[in-house]
Amino acid sequence: MFALPGFTTIRLLGRGGFGQTWLLRRDADGMPFAVKVLHQYTQDAFDRFAREARMLQRNRNNPYVVNIEGSFFQQGYAPYLLLEYCDGGSLDAWVAHRQPWTTVTFALAHASAGLDYLHGLDDGFHRDIKPANLLLKYVTPDKSQWLVKVCDFGMARTPETVGPGMTWSPAGTRGYMAPELAMGMYHRPADIYSLGVTGIELLTGSKEPAALSAAQGPAALHELLREMVAPDWTRRPTMSQVNARLRQILNPPKPKVPTRPAPQPSLPTSGGGGWGWLAAAAGLAAALAVGTMNSKDSNGRWRGKDGRYRSGPWG
C-alpha cells in the first residue's frame, strides 16, 4: 500500500505495467486525489514517467486534461504524480452501458478540445487514446454537469523526445492504433484515428465502422467518425476540425427566416368593420341630399337649398 504524509490512503484505483494508481484523501480538508506511483525502476520507465510529468505541467491550463497537483522524483525512491481525482471513472464503463448519442458527442467534444490543445502545444500528441484513458469528472453535486479529461501521458510525445524506445517503436493499444503506426509513422493524425475508434465503440459497443449503420445519432456524427478512421491519414480531419464539427452537431445553426417588409397601416374597408361604416354613411347622406335637392312636390314645386318649396327653376 502506498503511503504519503498528510494523506490517508483509501483504495487502489488501478494497476498497469509500470505502476499503480491509488485514491488518497488529504487530511487537512478531506479533498480526494489520485496518486500514480511508478514501480518499474528501469531507466526507460523513469524517463517516461518524468516526461509524463512535464507534459501534464505544460497542460495545466487545459481543462480537458487531468490536472497535476505535484510530483516527486528522487533516485532510490518510488516516483509519484499527485493528480486530481475524477470521480466518474473512465469511459470504459460506457462501452458496456452505452449512453445516448448526445452524451457520447459531448464526451468526444471535450476530448477533442483537450487533444487539440495538446496538438498545438509543441506539436505533441498522446499516442494511446482509448476509453480507459478518458476520465469523467463531475463538477456539480447532483452530477448533472461533468467534464471528460484525457489522462495517462506515459506514451505521449513532443519534438524533443528522441530515442528508439519512445519515438519510433510501435506503441499504443491494439484495436485503437492507426495503421500507419505499424510503419513507425508517429504523428498527430494517429490520435484522430484512435479518438474515432473510441467514438464508434462508445456508440455501438464495437470498434468496427460498419457498426455505425445501426447506431443512434445523426448522419453527420456517423460521417465524421468514418472520416476520423480513414486508413489514409491525409483524408482525416484535423483535431480542430473534429472539435468544430462536433460542436456544430450538438448546436446546429438555426434556419434563417426570410425577412419581409413591415406591414403598412391601411384604412379598414367598409365590409371589415372599423371606421368604414362612417365613410359609407357619409356617402349615403350626400347621395340622399342631392336626391332630395332635385325633387318636386305634388304641386310641381322645387325644393330649394333652404328646404322650402317654390315655383320656377331650382335654386
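Numbering-wise (my numbering), the sequence shown opens with residue 16 and increments by one.
Built from N, CA and C at the ideal position, the CB exists for glycine as well.
Source: prediction; values computed, not measured.
Under 6 Å Cβ to Cβ from residue i, same chain only, skipping five residues before and after it: list those, please.
{"i": "GLN55", "result": "PHE33"}
{"i": "TYR191", "result": "LYS145, SER209 and VAL212"}
{"i": "TRP109", "result": "LEU217"}
{"i": "SER228", "result": "none"}
{"i": "THR36", "result": "LEU28, GLY29, ALA49 and LYS51"}
{"i": "MET70", "result": "PHE168 and ALA171"}
{"i": "PRO194", "result": "PRO246"}
{"i": "ALA226", "result": "THR219"}
{"i": "ASP206", "result": "LEU130, PHE140, HIS141 and ILE144"}
What three-state label does DSSP hand residue i in the structure shown?
{"i": "VAL272", "result": "coil"}
{"i": "GLU223", "result": "coil"}
{"i": "TYR23", "result": "For the sequence presented, residue 23 should be read as Thr rather than Tyr. The answer is strand: DSSP assigns THR23 an E or B state."}
{"i": "PHE87", "result": "strand"}
{"i": "PHE61", "result": "helix"}
{"i": "VAL52", "result": "strand"}
{"i": "PRO204", "result": "helix"}
{"i": "TYR95", "result": "strand"}
{"i": "THR155", "result": "coil"}
{"i": "GLY31", "result": "coil"}
{"i": "PHE168", "result": "coil"}
{"i": "PHE140", "result": "strand"}
{"i": "MET181", "result": "Only weak support exists for where MET181 lies, its pLDDT of 43 falling under 50; the coordinates are left without a value."}
{"i": "PRO47", "result": "strand"}
{"i": "VAL163", "result": "strand"}
{"i": "LEU217", "result": "helix"}
{"i": "LEU38", "result": "strand"}
{"i": "VAL81", "result": "coil"}
{"i": "LEU196", "result": "helix"}
{"i": "LEU236", "result": "helix"}
{"i": "LEU106", "result": "coil"}
Report the CB separation of residue i from residue j in whole angstroms; it is logged as a contact under 8 Å.
{"i": "GLY103", "j": "LYS51", "result": "That pair is no contact at about 18 Å."}
{"i": "GLU99", "j": "GLU84", "result": "6 Å"}
{"i": "LEU106", "j": "LEU38", "result": "Not confirmed; about 18 Å, so no contact."}
{"i": "GLY21", "j": "ASP42", "result": "6 Å"}
Going by beta carbon distance, what residues of the same chain come within less than 8 Å of residue i, once the five residues before and after it are set aside?
{"i": "PRO224", "result": "ILE215, LEU240, ARG241 and VAL244"}
{"i": "ASN1", "result": "Any question about residue 1 goes unanswered here, given that the chain covers just 16 to 330."}
{"i": "GLY287", "result": "Unreliable placement is indicated for GLY287, whose pLDDT of 47 sits below 50; the coordinate value is still reported in the next sentence. Closer than 8 Å at Cβ, skipping near neighbours: no residue."}
{"i": "ARG260", "result": "ALA235, LEU239 and PRO252"}
Using alpha carbons as the reference points, say which of the options lies closest to residue i.
{"i": "SER221", "options": "HIS112, ARG63, ASP59 and ARG41", "result": "HIS112"}
{"i": "MET200", "options": "GLY31, PHE140, LEU19 and ALA49", "result": "PHE140"}
{"i": "GLY2", "options": "ARG189, PRO156, MET16 and GLY21", "result": "Here the chain covers residues 16 to 330 and nothing more, so residue 2 does not appear."}
{"i": "ASP62", "options": "PRO246, PRO47 and GLN89", "result": "GLN89"}
{"i": "GLY135", "options": "THR188, ALA93, ASP59 and PRO204", "result": "PRO204"}
{"i": "MET46", "options": "ALA60, THR57, ALA65 and ILE25", "result": "ILE25"}
{"i": "LEU162", "options": "CYS101, VAL272 and LEU133", "result": "CYS101"}
{"i": "LYS164", "options": "ARG189, LEU196, ALA122 and THR155", "result": "ALA122"}
{"i": "PHE168", "options": "THR155, LEU133 and GLN160", "result": "LEU133"}
{"i": "TYR79", "options": "ASP59, VAL154 and SER86", "result": "VAL154"}
{"i": "ASN266", "options": "PHE87, THR249, PRO233 and LEU19", "result": "PRO233"}
{"i": "ALA197", "options": "LYS271, VAL272, ALA18 and PRO246", "result": "PRO246"}
{"i": "GLY31", "options": "ALA18, ARG262 and THR188", "result": "THR188"}
{"i": "ARG249", "options": "PRO156, GLN160 and HIS202", "result": "Checking the sequence shown, residue 249 turns out to be Thr, not Arg. With distances taken between Cα atoms, THR249 lies closest to HIS202."}
Using a Cβ-Cβ cutoff of less than 7 Å, which residues in the same chain neighbour residue i once the five nearest sequence positions on both sides are dropped?
{"i": "CYS166", "result": "VAL81, ASN148 and LEU150"}
{"i": "LYS255", "result": "The sequence given here places Ser at residue 255; Lys does not occur at that position. ASP131."}
{"i": "LEU236", "result": "TRP116, THR120 and ILE264"}
{"i": "ALA230", "result": "LEU218, THR219 and HIS237"}
{"i": "ALA93", "result": "VAL52, LEU53 and HIS54"}
{"i": "ALA60", "result": "PHE33 and LEU53"}
{"i": "THR23", "result": "LEU39, ARG40 and ASP42"}
{"i": "ALA65", "result": "PHE88"}
{"i": "ARG262", "result": "ALA124"}
Taking 8 Å as the cut-off, does the segment 106 to 126 touch the segment 57 to 77 (at least 3 CB pairs, one atom from each stretch)? no
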